[in-house]
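The structure appears right after this line, and notes come after that.
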Amino acid sequence: MPNHSAPQVTVVMPAMNREAFIGEALRSISAQTVPPAEVIVVDDASTDATVAVAREHGATVIELAVNGGSGPARNRGIEAASTPWVAFLDSDDAWLPHHLEELLAAAGDHALVTAPGATPEGRVMGNALPTTRVLSPFDVLTGDLVCTSGTMVRREALLGAGGFRALRRAQDLDMWVRVLERSSGIALSRIGFTYVLHDEQAILDTDLMRSCVDQVVRGARERGWLSQRDADRVYVRRRWDDARSAQRAGRRGEMTHHLGWVARRPHTWRTLGAMLLQRRRARQGA
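Residues in the sequence shown are numbered from 1 upward in steps of one, following the UniProt record's numbering.
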């Protein structure tokens with residue numbers, strides 16, 4: 001693999017009360033075969049020793065006095081970066097040593113390049129296909145193809161898209177859609193990071209997530225490239241998941257309601273099939 005000079009990439013890591021995890025994340029950056037120019041940790045008003053641990057590992061730390069969420073925190077890091085590329089890593093994930101080198105080698109003229117991750121159990125997070133694929137905004141809306149901790153984006157593309165919006169959920173999905181509306185991107189097939197689901201991450205406000213995804217879809221509709229039929233294809237995954245949840249809870253009427261929505265929209269069936277195949281591959285570790 002060709003060698004790439006290190007000063008091309010700044011790593012931006014938002015963190016809040018992550019003293020137990022951030023050290024491992026930062027050590028994984030130090031272990032890169034091609035190290036970044038700088039690591040910027042944006043501390044989102046932590047009340048523990050997150051800042052001290054980050055400084056012990058040599059990171060540049062930006063301290064925010066008021067908690068504003070990971071999107072605005074990432075924006076502060078992007079603004080402070082001075083390199084052409086910005087790579088993102090969440091403070092409780094860890095890169096594999098080849099990650100940055102492989103992203104840089106594959107980037108070419110693309111504005112966004114992403115690698116999948118894997119849980120310790122082998123579940124793939126991101127592109128579960130065995131080949132690299134070119135991404136479109138619609139691909140990102142309908143599939144779990146871009147994981148923030150595996151993603152590197154040109155700084156000018158992030159700024160050109162207006163930065164991360166202050167959504168309480170799905171702010172990364174919203175950003176990748178807006179970047180890919182203006183530029184090209186690719187999803188690699190080789191695992192680039194490890195992802196561990198902690199107890200606090202397992203608690204998810206599904207109504208809030210739905211509301212935020214609705215905002216992302218409405219934005220795409222307002223910008224003129226997403227038709228109502230294609231919006232239905234985005235929503236089919238949610239309807240299917242809601243039907244499965246209702247089935248497990250014994251709510252047959254609710255399950256029938258969601259499946260009826262799918263049945264009345266045959267233009268969504270192909271998207272549903274692709275989603276189910278992607279999930280099967282992810283469970284099998286691709």
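No residue lacks a Cβ here, since even glycine has one placed at the ideal position from N, Cα and C.
Assigned exposure category for residue i - 16 Cβ within 10 Å defines buried
i	result
Ser91	buried
Val9	buried
Ile203	Because Ile203 sits at a pLDDT of 49, beneath the cut-off of 50, its placement in the model cannot be relied upon, and the following sentence gives the value as read from the coordinates. Burial call: exposed.
Arg154	buried
His99	buried
Trp225	exposed
Asp241	exposed
Gly126	buried
Ala170	buried
Ser82	exposed
Pro266	exposed
Leu277	exposed
Gly185	buried
Gly260	exposed
Trp85	buried
Thr148	buried
Arg244	exposed
Gly192	buried
Strand pairing of residue i, partner residues [DSSP]
i	result
Met152	Ala87, Val113
Ala187	Thr114, Arg133
Met209	In DSSP, Met209 forms no bridge with anything.
Val124	Ala118
Where residue i falls: helix, strand or coil (DSSP)
i	result
Phe138	helix
Thr194	strand
Val146	coil
Trp225	coil
Ala157	helix
Ala249	coil
Gln171	helix
Ala166	coil
Gln8	helix
Arg264	coil
Gln284	coil
Leu276	helix
CA nearest to the CA of residue i, picked from the options
i	options	result
Val177	Leu188, Phe164, Arg168, Ser189	Phe164
Ala274	Leu141, Arg76, Ala115	Leu141
Arg281	Met152, Asp144, Asp174	Asp144
Thr256	Glu121, Ile40, Arg239	Arg239
Arg18	Pro36, Ala54, Ala31	Ala54
Ala220	Ser189, Arg182, Met209	Arg182
Leu180	Val217, Leu135, Phe88	Leu135
Ala115	Ser82, Asn75, Thr194	Thr194
Leu158	Val113, Thr119, Gly117	Val113
Asn67	Val34, Ser46, Asp172	Ser46
Gln32	Gly117, Glu101, Glu79	Glu101
Ala49	Arg283, Leu103, Met16	Met16
Thr151	Gln228, Pro120, His110	His110
Trp95	Gly253, Arg279, Gln228, Met13	Met13
Ala263	Ala73, Asp232, Leu173, Leu167	Asp232
Residue i at chain D interface by Cβ criterion, 7 Å
i	result
Asn17	Although the question refers to chain D, the structure presented lacks it and comprises just one protein chain.
Could you name each continuous alpha helix (DSSP H) segment of 4 residues or more that falls completely within the UniProt domain "Glycosyltransferase 2-like" (10-112), going from the start of the chain to the end? Taken in chain order, the unbroken stretches of alpha helix (DSSP H) that lie wholly in the UniProt domain "Glycosyltransferase 2-like" (10-112) and span 4 residues or more are 22-30, 50-56, 70-80, 99-107.
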